[in-house]
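*Asks:* Numbering (our numbering), first residue to last: 782 to 1393.
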């Protein structure tokens, strides 16, 4: 009842359409109730008194009532379908808007397929109930009240006799309504599981083929499909038992009316026309009462769907702009962490008592073993997550007091596997600034070293990339992502410096693009390259969620400790390789600036690869 009450509240804006639909339903019901009375007149006044004029008059009235009923039915169906589609439209928009505003911590624990199922199947079930199930319920109740009134007017005794099976039918319907809701909830949940299995398989198609796991995935999907089948069969089994029972009650009621009513006609207590009309009313009631099963079915689906929909709509938005939020001014890029502790949903701390300050235009390199908290740290800056304790400030302003959009619009993010959308290259680059001109888009692409390969495509910037950008190479995707960040012109930049998945020539182009992107910005880099680490103004070495060392490259090497271990294991080989290539190239590495060393290293690596 709570779900239905909330559904009615959501329909407040359509009170006029609902009132019009109610009037149409009552009009159809009145027209339906008039037909048995006209049949009684045709039998008693026309046939009983051998009056052709009475028969002609009744026939004309029946045709008129039929046309009037057809017109009202058209209006009823049109209005009902309008409400179905409008309700679905509103709930889909509400769900999509809610999903956009839910925090990363929510999406970390909820399957995509489940959300897709709630946005499609569950909303459809809820909308169908509004325009069909609820309308049928109103019509059934109005027919029931009208027919009972007319039957009691005709014969109280015969009405009571005919209603005995209807009482049993009522109990069957109530019991079915109690068990059908949980059954449909199970169907919705298993359908969500099936959608999740399908979505994961389609997303990871390359991995499935690469590891030859087609049969495993087929079995996993088959298991989810079987669970959905069993849940649906459970609904059908109960439905198959109750529906014939309902029909039997109606037939039993008709038999009782004909038996006892026939004796009343013989005794002269009823006319033949009254008995026929009496039976016609029961037959008229039979179909809506049988449709009561459909109403229960629709209500069960709607309740199950509504429960799952409102579960999402009721989720507390952990990350949101505060009331009377401040609009972030143009930032200089000073970022301060003050004794920040952070954990995911109350688990162990990913960060513990982290404090540091990044000055405008500095490059901050984050380095440390897997699980040390590097990604957790950078995710706090744009408020993808909120710190458990402590504070994060930009230009001395607590980020929790700022409007989210104004904050994030000044933060650029480039990840190792940047996502592109299934649209044109131009639209992907302009995603963060939709009003950007073509000249601005091209300028950003040139700076990101992407313009040359874009112009090789037949449609250039209007080339549509595949889902997640799969029609482009990894290096091409990353350079478009860099162009996207450049066009935003952010004051704070967050990037994953890893280029391990691309060839050396593409890596060199990406490094050039990143150098352009990092210029005159406060940059946080999850560093995996020696060149990035060396040019950093401040290196933060994390371990177990704490900053265990900080400083510049040479200072940290002299200190020893974890940084020296990471350098020896991961970065020293890069430097040794670069020295060897510079020696073969006949140049003095020590005299080259970092950017020059990186360029020459890439050039030497390319020549070595080509020679090989």
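Here a beta-carbon is modelled for each residue, glycine too, at the ideal position from N, C-alpha and C.
Just so we're clear, the structure is a prediction, and the values are computed from it rather than from any experiment.
1. Cutting at 8 Å between CB atoms, please list the residues of its own chain near residue 1177, excluding the five before and the five after it.
2. Would you mind sorting residue 885 into buried or exposed? The rule is 16 or more other CB atoms within 10 Å of its CB.
3. So, is residue 1018 buried or exposed, given that buried needs 16 or more other C-beta atoms within 10 angstroms?
4. Judging by CA-CA distance, which residue of 1002, 922, 946, 1174 is the nearest neighbour of residue 1031?
5. Applying the criterion that 16 or more other CB atoms from any shown protein chain within 10 Å of the CB defines a buried residue, is residue 796 buried or exposed?
6. Classify residue 1230 as helix, strand or coil using the three-state DSSP reduction.
7. I'd like the list of long-range same chain contacts for residue 1194, defined as Cβ closer than 6 Å, with 5 residues on each side in sequence excluded.
8. Which residue from 1337, 975, 1192 puts its Cα closest to that of residue 892?
9. For residue 883, which residues in the same chain have their Cβ closer than 7 Å to its Cβ, ignoring the five residues on either side in sequence?
10. Between the C-alpha atoms of residue 1333 and residue 1175, what's the straight-line distance to the nearest angstrom?
11. DSSP puts residue 1174 in a beta bridge; with which residues?
12. To the nearest angstrom, report how far apart residue 854 and residue 920 are at their CA atoms.
13. Does the segment 957-967 come into contact with the segment 1005-1025, if we say contact requires no fewer than three beta-carbon pairs (one atom in each stretch) closer than 8 Å?
14. Among 1188, 1121, 860, which residue has its Cα nearest to the Cα of residue 798?
15. Closest to residue 1308 by C-alpha separation, out of 1348, 851, 1339, 1201, would be which residue?
16. Cα separation between residue 1106 and residue 905?
17. Determine the contact status of residue 1263 and residue 1298, defining contact as a CB-CB distance below 9 Å.
18. Report yes if the C-beta distance between residue 1123 and residue 1157 is below 9 Å; otherwise report no.
19. Within 10 angstroms of the Cβ of residue 1010, are there 16 or more other Cβ atoms? Answer buried if so, exposed if not.
20. Please report the distance separating the alpha-carbon of residue 1125 from that of residue 1331.
21. My guess is that residue 1245 and residue 1253 are in contact by the Cβ rule of under 8 Å, so how many angstroms apart are they, rounded?
22. Please state the DSSP three-state secondary structure of residue 841.
23. Given a cut-off of 9 Å, decide if residue 1273 and residue 1167 are closer than it, judged by their beta-carbon atoms.
24. Assign residue 1272 to one of three DSSP states: helix, strand, or coil.
25. Return the first residue and the last residue of the beta strand (DSSP E) that residue 1195 is part of.
26. Check residue 1327 in the structure and name its three-state DSSP category.
27. Considering only DSSP beta bridges, list what residue 1147 is partnered with.
28. Look at the Cβ atom of residue 1137, then the Cβ atom of residue 1321, and state whether they are nearer than 9 Å.
29. Nearest-angstrom Cα distance between residue 1183 and residue 1021?
30. Quick check on this structure: which residue in 950, 1092, 955, 1037 has the alpha carbon closest to the alpha carbon of residue 887?
31. If you draw a straight line from the alpha carbon of residue 1188 to that of residue 1270, how long is it in whole angstroms?
32. Taking the straight line between their C-alpha atoms, what separation do you get for residue 1172 and residue 1119?
33. Given a threshold of 16 other Cβ atoms within 10 Å of its Cβ, counted over all protein chains shown, does residue 793 qualify as buried or as exposed?
34. What does the alpha-carbon distance come out to for the pair residue 808 and residue 1051?
35. In terms of DSSP beta bridges, what is residue 1132 paired with?
36. On the CB-based measure, 16 or more other CB atoms within 10 Å of its CB, does residue 1201 come out buried or exposed?
*Replies:* On the basis of the supplied data:
1. The count along the chain shown starts at 1 and reaches residue 1177 at position 396. Only residues of its own chain outside the window of five on either side were considered, and among them 1115, 1117 have a CB closer than 8 Å to the CB of residue 1177, listed in chain order.
2. On the chain shown, residue 885 is found 104 positions in, with the first residue counted as 1. Around the beta-carbon of residue 885, fewer than 16 other beta-carbon atoms lie within 10 Å, marking it exposed.
3. As a working note, residue 1018 is residue 237 in the chain shown. Residue 1018 should be labelled exposed.
4. Residue mapping note: residue 1031 aligns to position 250 of the chain shown, counting from 1. Residue 1031 has its Cα closest to that of 946, out of 1002, 922, 946, 1174.
5. Indexing the chain shown from 1 puts residue 796 at position 15. Exposed, since its Cβ has fewer than 16 Cβ neighbours within 10 Å.
6. As a working note, residue 1230 is residue 449 in the chain shown. In the structure shown, the three-state DSSP call for residue 1230 is coil.
7. Reading the chain shown from its first residue, position 413 is the one you call residue 1194. The beta carbon of residue 1194 lies closer than 6 Å to those of 1275 in the same chain, with the five residues before and after it left out.
8. Numbered from its first residue, the chain shown carries residue 892 at position 111. Put simply, of 1337, 975, 1192 the residue whose alpha carbon is nearest the alpha carbon of residue 892 is 975.
9. Counted from its first residue, the chain shown places residue 883 at position 102. Same-chain partners within the cutoff: 1096, 1098.
10. Sequence index remark: in the chain shown, residue 1333 carries index 552 (1-based). Sequence index remark: in the chain shown, residue 1175 carries index 394 (1-based). Cα to Cα, the separation comes out at about 23 Å.
11. Position 393 of the chain shown, counted from the first residue, corresponds to residue 1174. The partner list for residue 1174 (beta bridge, DSSP) reads 1117, 1179.
12. Residue 854 sits at position 73 when you count from the first residue of the chain shown. Residue 920 sits at position 139 when you count from the first residue of the chain shown. The straight-line gap from Cα to Cα measures roughly 12 Å.
13. These segments touch.
14. In the chain shown, counting from the first residue as 1, residue 798 sits at position 17. Taking each of 1188, 1121, 860 in turn and checking the Cα distance to residue 798, the smallest one comes out for 860.
15. Working through the chain shown from its first residue, we reach residue 1308 at position 527. Of 1348, 851, 1339, 1201, the residue nearest in Cα terms is 1348.
16. Here residue 1106 corresponds to residue number 325 of the chain shown, with the count starting at 1. Here residue 905 corresponds to residue number 124 of the chain shown, with the count starting at 1. Across the structure, residue 1106 and residue 905 are spaced so that their CA atoms are roughly 37 Å apart.
17. On the chain shown, position 482 is the one that residue 1263 refers to. On the chain shown, position 517 is the one that residue 1298 refers to. Cβ distance < 9 Å, so residue 1263 and residue 1298 count as in contact.
18. Position 342 of the chain shown, counting from 1, holds the residue named residue 1123. Position 376 of the chain shown, counting from 1, holds the residue named residue 1157. Cβ distance < 9 Å, so residue 1123 and residue 1157 count as in contact.
19. Residue numbering aside, residue 1010 sits at position 229 when the chain shown is read from its first letter. Exposed is the call here.
20. Stepping through the chain shown from its first residue, residue 1125 is reached at position 344. Stepping through the chain shown from its first residue, residue 1331 is reached at position 550. Spanning the two alpha carbons is a distance of roughly 25 Å.
21. The count along the chain shown starts at 1 and reaches residue 1245 at position 464. The count along the chain shown starts at 1 and reaches residue 1253 at position 472. By a beta-carbon distance limit of 8 Å, residue 1245 does not contact residue 1253. Their separation comes to about 11 Å.
22. Locating residue 841 in the chain shown gives position 60, counting from the first residue. Correct three-state label for residue 841: helix.
23. To locate residue 1167, count along the chain shown from 1; it is residue 386. To locate residue 1273, count along the chain shown from 1; it is residue 492. The answer is no: Cβ separation not under 9 Å.
24. Working through the chain shown from its first residue, we reach residue 1272 at position 491. The answer is coil: DSSP assigns residue 1272 none of H, G, I, E or B.
25. Translated into positions along the chain shown, residue 1195 becomes position 414. From DSSP, the beta strand (DSSP E) with residue 1195 extends over 1192-1195.
26. Against the chain shown, residue 1327 aligns to sequence position 546. Collapsing the DSSP output to three states places residue 1327 in a strand.
27. Position 366 of the chain shown, counted from the start, is the residue given in the question as residue 1147. Looking at the DSSP assignment, residue 1147 forms a beta bridge with 1307, 1321.
28. As a position in the chain shown, residue 1137 is number 356, starting the count at 1. As a position in the chain shown, residue 1321 is number 540, starting the count at 1. For residue 1137 and residue 1321, yes; Cβs fall inside 9 Å.
29. In the chain shown, the residue the question calls residue 1183 occupies position 402. In the chain shown, the residue the question calls residue 1021 occupies position 240. Between residue 1183 and residue 1021, the C-alpha separation is close to 58 Å.
30. Taking the chain shown and counting its residues from 1, one reaches residue 887 at position 106. In terms of Cα proximity to residue 887, the closest of 950, 1092, 955, 1037 is 1092.
31. Position 407 of the chain shown holds residue 1188. Position 489 of the chain shown holds residue 1270. Counting only the Cα atoms, residue 1270 lies some 13 Å from residue 1188.
32. Taking the chain shown and counting its residues from 1, the one referred to as residue 1172 is at position 391. Taking the chain shown and counting its residues from 1, the one referred to as residue 1119 is at position 338. Their Cα atoms are separated by approximately 5 Å.
33. For the purposes of this step, residue 793 is taken as the residue at position 12 of the chain shown. Looking at its Cβ environment, which holds fewer than 16 other Cβ atoms inside 10 Å, residue 793 is exposed.
34. Here residue 808 corresponds to residue number 27 of the chain shown, with the count starting at 1. Here residue 1051 corresponds to residue number 270 of the chain shown, with the count starting at 1. Approximately 29 Å, taken between the alpha carbons.
35. Here residue 1132 refers to the residue found at position 351 of the chain shown. Paired residue(s): 1123.
36. On the chain shown, residue 1201 is found 420 positions in, with the first residue counted as 1. With 16 or more other Cβ atoms within 10 Å, it is buried.
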